[in-house]
Amino acid sequence: MTMLADRITVDPAQCGGRPCVRGLRLRVTDVLDLLASGLTPAAVLEELPDLELEDVSACLRFASRRLAHPIVAA
1289 MTMLADRITV
1299 DPAQCGGRPC
1309 VRGLRLRVTD
1319 VLDLLASGLT
1329 PAAVLEELPD
1339 LELEDVSACL
1349 RFASRRLAHP
1359 IVAA
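What the sequence shown shows, in this note's numbering, is residues 1289 to 1362, in sequence order.
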């Protein structure tokens, strides 16, 4: 398992290897989709009670870094 952005994990055996929060089956994209749909970080925490506020911040930081340094497919 790889640790990214403090709280983001990537495990090939979990969620198809997509980035998740702290090894939970909560994908970074799930959190980002909720934020994009207009939920506040506090509302995201109500929707996903296993999350912590620092997890929401880590998802945003992860997405920002991924956009700044995209992975180029060969």
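By construction, the Cβ of each residue, glycine as well, lies at the ideal position given by its N, Cα and C atoms.
Since this is a predicted model, take the numbers as computed values, not measurements.
**Asked** Assuming Arg-1306 contacts Ala-1346 under a Cβ cut-off of 8 Å, what Cβ separation, rounded to an integer in Å, is found between them?
**Response** Not a contact, Cβ separation roughly 15 Å.
**Request:** Measure the C-alpha to C-alpha separation of Thr-1297 and Val-1319 and round it to an integer number of angstroms.
**Result:** 14 Å
**Request:** Could you name each continuous beta strand (DSSP E) segment of 3 residues or more that falls completely within the region 1295-1324, going from the start of the chain to the end?
**Result:** 1296-1298
**Message:** On the DSSP letters alone, give me the boundaries of the alpha helix (DSSP H) that Thr-1343 sits inside.
**Reply:** It is Asp, not Thr, that sits at residue 1343 in the sequence shown. Taken as a continuous stretch (DSSP letters only), the alpha helix (DSSP H) holding Asp-1343 covers 1341-1356.
**Of the residues Leu-1312, Gly-1326, Arg-1353 and Arg-1354, the one placed nearest Pro-1337, counting alpha carbons only** = Leu-1312
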